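2 protein chains.
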Amino acid sequence: MDLNALRTANPDHWSKATAIRALTLDAVAAANSGHSGMPMGMADVATVLFEKHLKFDAADPRWPDRDRFILSAGHGSMLLYSLLHLVGDAQFPIEELKNFRQMGARTAGHPENFLADGVETTTGPLGQGIANSVGFAMAEEILRARYGKKIVDHYTYVIAGDGCLMEGVSQEAITLAGRHKLSKLIVMWDNNNITIDGPVSLSDSTDQIERFRSAQWHVIEADGHNPADIDAALTEARASDLPTMIACKTHIALGHAAQDTSKGHGALTDAEQMAAAKAAYGWTAGPFEIPADVKAAWEAIGKRGADERRAWEERFDSMPRSKRETFNRALNLDAPKKLSATIKAFKKQMSESAPKLATRASSEKTLEVLNPVMTETVGGSADLTGSNNTKTGDLGVFDTDNRAGRYIYWGVREHGMAAAMNGMALHGGIRPYGGTFMCFTDYARPAMRLSALMKIPVVYVMTHDSIGLGEDGPTHQPVEHLAISRATPNTLVFRPADTIETAEAWEIAVTQKSTPSVISLTRQGVPTVRTEHKNNNMVERGAYVLADAEGKRQVILIATGSEVHLAMQAREMLQAEGIGTRVVSMPCMELFAQQDEKYRKRVLPGGAVRVGIEAGVRQGWDQWLFGERGKYGKAAFVGMDRFGASAPAEELFEKFGITAKGIAAAAKGLL
Amino acid sequence: MDLNALRTANPDHWSKATAIRALTLDAVAAANSGHSGMPMGMADVATVLFEKHLKFDAADPRWPDRDRFILSAGHGSMLLYSLLHLVGDAQFPIEELKNFRQMGARTAGHPENFLADGVETTTGPLGQGIANSVGFAMAEEILRARYGKKIVDHYTYVIAGDGCLMEGVSQEAITLAGRHKLSKLIVMWDNNNITIDGPVSLSDSTDQIERFRSAQWHVIEADGHNPADIDAALTEARASDLPTMIACKTHIALGHAAQDTSKGHGALTDAEQMAAAKAAYGWTAGPFEIPADVKAAWEAIGKRGADERRAWEERFDSMPRSKRETFNRALNLDAPKKLSATIKAFKKQMSESAPKLATRASSEKTLEVLNPVMTETVGGSADLTGSNNTKTGDLGVFDTDNRAGRYIYWGVREHGMAAAMNGMALHGGIRPYGGTFMCFTDYARPAMRLSALMKIPVVYVMTHDSIGLGEDGPTHQPVEHLAISRATPNTLVFRPADTIETAEAWEIAVTQKSTPSVISLTRQGVPTVRTEHKNNNMVERGAYVLADAEGKRQVILIATGSEVHLAMQAREMLQAEGIGTRVVSMPCMELFAQQDEKYRKRVLPGGAVRVGIEAGVRQGWDQWLFGERGKYGKAAFVGMDRFGASAPAEELFEKFGITAKGIAAAAKGLL
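Those protein sequences? They're chains A and B, same order as listed.
Mind the numbering: the first sequence is residues 393 to 1063 in this note's numbering, read in order.
Mind the numbering: the second sequence is residues 393 to 1063 in this note's numbering, read in order.
And the structure:
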């Protein structure tokens, strides 16, 4: 590249873009780690975006009607941090950049949404940002339909690299965006031909332009180092009635000795090469120094949206109060006042009628009362609507002709669904839930982990949660998936036993502000075990005594979900033989672990043998069987220690010994 | 559809295809569950494939040079079972079909490779079969390059549905196939416009034809109910020098009242509608009855390949003996004779030189000696070759001009890599291993679970296995991933402490015949802890005493991987205070659990407090801290109970208290 030609053609642009490149080089050198090449390659595109297109106000990075900027290629975090510093975001003084990748800094190795207001989403695991962006854009459409264009009217811009586009989840994302004509979604592809292992051609020969077109996107090609070209492409993209991909031809690590090589992807810390690159840029300022005129120009960009924001605030304030309150309540993730009473009334009715129901059907019944009072929910399923029981009568279907619809047919895209739900939650104003089979937690895993890491209260509705699904066989029968979800920090895993516990689990899940939930639900019918109505939400304690021992307590049976009623039957057998048996229902291990020791010991006192019962693997159970006890007792576990099989459900429970008789025998074997 | 016209145009074809439809209806009705519509829609395509193109011999379904037939749309399992019965596969008498989806039957709800020789792979989780097929086709290329066209020369045929193509992994698969010009891979897309939730248009508007073209595939459109059209397409596909996708326009549940509806996807059991469908087909035979002439015609198809197979056997027998032996050894998953001595010699050398190395580097050193003696290995990485240390000097890179290459640049496609490795292992003759960051286990999860379920010894090389990776931060720092892998049945999870244990772990992993392995490796350097050479493979016992207590044993420290040397340091501190401390290295919990009780108690006797140490979550540890003990003792765990952070590695270990001092303090707190 002839840097001199670039500089002289657009000197003002050049100095602004070069500030990003210089800060990147300096921060990576200071940290002695990081990724220099991507910010250096995409600095021109980002500069034009921020200067001419992105609607934002650096003074209020959380302004609800801002355009969203998603850095899907999260390893290029210095691009984002440089921009936030340059435009004057108060959370990004130069000290933060000097502390790049150090303990406690906002400038983490990859952008973390929970560390700074100006970071929209956590990226780094490739493909996640572009998949989040579909949820961002859908949320914008839904809220625009609801509040009108004067209140909600913004774009979602994404920078994605070759790595993002190679990940399968990107296909799920772009086909969703194409199907729903998310015209306010604009992806800028950093087309630099380089991945870590070498040139892209080493592992890929995809025609990305034709690929996006096949997904019904508008595609524009642009020279990623020509500001006029980039500007024209962005203008055209904003006018399109389809989602737009701008293929930005760029040079990774522009101007550095490592330009156009895979080495350029990583940390460029060689002092001589850095000096040479800065000289080639015509950049004479010292490390972390930005010439005053350049900084002033960037700060003016940071204030570009201030008037627009104030005008928006006036429009917002002129909305009817109830509308404003609902808008803010949803944004703040506050529960509607009616929720608690609604759930209580539902529980009362259900404990009286005591239906035998699959808990997935209990979940649907709960949603039928919950969705009307909690209008920020948006439901969906990955092509299993009838099986996941996620659709209720009032939602309406989100579509090109019904942007106010609150139900999304995600198609066979578990991963794309989960990542888009993350995007919706991050956008704000929406509380998403989505369903698939529990076993396909596997497909959604990368995004489910990010829900937890990002501290967003997405709800995963995972039905068909054990061998109880029967004939579909071991590919569809989860055995390790409760353990997987429980192993993940900051995740609530609910396995309710009946309709009452299901309603209580939902109440907790939809009132979370910073924790995602997995609700594990049965395919098969189970009886109501909570036949006595209680106003208190018992699931909130994580575990509680469902039926106490008569006579001397010799046995404690601890069970979850569809195995609770088996434990109750086993208790009857044992009591009939004079063996005092307590049944503890444990719908949420994480909440039980959070209770004080006194409560935990009241529920699980010493002096009795314990049997854990769950149609899944034992991993995660030993803490309740052996842990926290004043004196040693014996314990056993009734569950699965292998994959399941294809056969009717009742036969499978027999085959694997998960029966009332098996439980009673396990308990007696310990006495 | 005018069934009459179809029937009269090709009466012989029609009766053969209708036999599939009738058997499907009968089996689903008998099971009262299953998926009827797909086999009914694709019966014509499958009939033409088996009659005119597929190279197979029903008498020997494992003939190594057979064409592979992959039913990616695994819910349509009755298509496969019907075909296997009709062609005369001895494992599929009519009784098996009558037992569809029943306990112990080969005819599981979804096809399970381990239940029948004629089932190439386990499908059901959508997208997996088409992604496996890439590995099948690569394995064929590699073995053809090695053994010549006379010994290895076959096609891989795949039937995939809309669901398969919506899953992201399908994009990873088809772009890999396109990049590598896998011309002997032929995908037949069941283009029926229907998914479970309704018409495909509800959730997708992708132009699949342009999408495959953008991935450099040859695409042919065919009428999926016109045998001549299908035949011509398959002929053209076989001649193409690109992978080919045949878009087969079909009607789901052809001829049934539910034709062309999402209801048709499921179990069509209504007796009257079944009778009407059969009448429309002109099918008068009773349930599970096949007219003799139709069965004879199918059995002739089943014998079509017999001569070809015999000719192949003659060619095979005329190969040099050593070549035959190598071929069969690899196919049977037997280890080469030299392996054991090679690993021993390497261990001796390493225990003497006692290097401080990242275990990922130890892994590379091991592979440098292992790959030359074990020529069936094929390595690779998902665009992290230099970080995963998976490439050794002798492998050569698999490419269009080097089909004998044994290293694959998988690109940023963890899921596609894992699924393709499954395909390679299932094909036979190849022992695949592949690397990514431990944290991105998440992306590969659906295929990793299937390695375990399918009982195939794929090796996952997972580096950067803790907060020890440092600055890249929590998106890249696994904390729950060891627990996730350990929760999965039939999976060996190794976390070696140094070069010696790494070599031992590899030796075990590459001698498995029916169990996949996860080898968890550090980014950061760790000292050699096994400085005394032992011929025995100590990792084989799962855990062992690395250093025993001096004086009265008061403390047992149990650690894995990079925390073992911290435990050794803590032991020194404790011993210096007169506290007798044993260190147990536990590189593989699964293997330790398989040891007899006597050995386990010898390693973990009662009477001492225990501290478990691992830079991951506690889940899975309590069994070793509390379980199996003669008398109650106290225990603690030093590890992670939250996500990590972005900072230098040493600071992170300090911050989270995973230090020798922290371990010693935890132990002392229990005394």
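All residues carry an ideal CB built from backbone N, CA and C; glycine is no exception.
As the structure is a prediction and not an experimental result, all values here were calculated from the model.
Taking 7 Å as the cut-off, decide whether the C-beta atoms of A:Ile-1005 and A:Val-975 are in contact. no
So for A:Ser-977, helix, strand or coil by DSSP? strand
I need the straight-line Cα distance from B:Gly-678 to B:Lys-670, nearest angstrom please. 10 Å
Beta-carbon within less than 8 Å of A:Lys-1023's beta-carbon, same chain only, minus the 5 sequence neighbours each way: which residues are those? Here A:Lys-1023 scores only 44 on pLDDT, less than 50, and its place in the model is too uncertain to base an answer on.
Secondary structure at B:His-405, three-state DSSP: helix, strand or coil? helix
Is B:Tyr-835 helix, strand or coil when you go by DSSP? helix
Can you tell me the Cα-Cα spacing of A:Cys-831 and A:Ala-839, whole angstroms? 15 Å
Nearest neighbour of B:Ile-800, chosen from B:Pro-635, B:Asp-793, B:Gly-788 and B:Ser-755 [CA to CA]: B:Gly-788
Measure the C-alpha to C-alpha separation of B:Ala-529 and B:Phe-448 and round it to an integer number of angstroms. 16 Å
Does the Cβ of A:Asn-927 have 16 or more other Cβ atoms within 10 Å, making it buried, or fewer, making it exposed? exposed
How about A:Ile-522 and A:Cys-556: are their beta carbons less than 7 Å apart? yes
Is there a C-beta anywhere in chain A that falls below 7 Å from the one on B:Leu-594? yes
Run of the alpha helix (DSSP H) containing A:Leu-884, from where it starts to where it stops: Counting along the chain, A:Leu-884 falls outside any alpha helix (DSSP H), though it belongs to the beta strand (DSSP E) covering 884-886.
Please list, in chain order, all residues of the same chain as A:Asp-1033 whose beta carbon is under 8 Å from its beta carbon, the five residues on each side excluded. Val-1009 and Arg-1010
Which residues, in chain order, does the stretch 597-614 of chain A contribute to contact with chain B at a C-beta distance below 9 Å? Ser-597, Thr-598, Asp-599, Gln-600, Ile-601, Glu-602, Arg-603, Phe-604, Arg-605, Ser-606, Ala-607 and Gln-608
Cβ-based burial, A:Ser-562 [other Cβ within 10 Å; buried from 16]: buried
Using a Cβ-Cβ cut-off of 6 Å (strictly less than) and excluding sequence neighbours within five positions of A:Ser-407, which residues of its own chain qualify? Val-686
Are A:Ala-341 and A:Asn-505 closer than 7 Å when you measure CB to CB? This structure does not reach residue 341 of chain A, given that chain A is present from 393 up to 1063, and the question cannot be answered.
Quick check on this structure: which residue in B:Leu-489, B:Gly-772 and B:Asp-452 has the alpha carbon closest to the alpha carbon of B:Met-854? B:Gly-772
When you measure from the CB of B:Ile-622 to every non-hydrogen atom of the ligand NAP, does any distance come out below 6 Å? What this structure holds is no ligand at all, so the ligand NAP is not there to describe.
Three-way DSSP call (helix, strand, coil) for B:Leu-913 in this model: coil
For A:Ala-1058, which residues from the same chain have a beta carbon less than 6 Å from its beta carbon, with the 5 sequence-adjacent residues on both sides left out? Val-1003, Ala-1028 and Val-1030
Grouping DSSP H, G and I as helix and E and B as strand, with all else coil, what is A:Lys-641? strand
Within-7 Å CB hit, A:His-807 to chain B: yes
Candidates B:Asp-582, B:Ile-612 and B:Lys-573, of which the one nearest A:Gly-596 by Cα: In the sequence under discussion, the amino acid at residue 596 of chain A is Asp, which differs from the Gly named in the question. The shortest C-alpha separation from A:Asp-596 is found at B:Lys-573.
Whose CA, out of B:Asp-857, B:Leu-446 and B:Gly-826, lies closest to the CA of B:Pro-888? B:Asp-857
According to DSSP, simplified to helix, strand and coil, what is A:Gly-803? coil
Under 7 Å between C-beta atoms, does B:Phe-1018 make it to chain A? yes
DSSP beta-bridge partners for A:Ser-773? A:Tyr-801 and A:Gly-827
CB A:Ile-638 to CB A:Ala-614, shorter than 7 Å? yes
Boundaries of the alpha helix (DSSP H) in which A:Tyr-673 is found, first to last residue: 663-673
With a threshold of 8 Å, are at least 3 pairs of Cβ atoms found where one atom belongs to the stretch 819-830 of chain A and the other to the stretch 803-822 of chain B? no
Where B:Gly-510 falls: helix, strand or coil (DSSP): coil
Neighbour flag for A:Phe-1045 against chain B, beta carbons, 7 Å: no
Starting from the C-beta of B:Thr-515, find all residues in its chain whose C-beta is less than 7 Å away, skip the five residues before and the five after it, and write them out in chain order. Leu-463, Ser-464, Gly-466, His-502, Pro-503 and Gly-521
Short Cβ contact (7 Å threshold) for B:Val-995 with B:Ala-941: no
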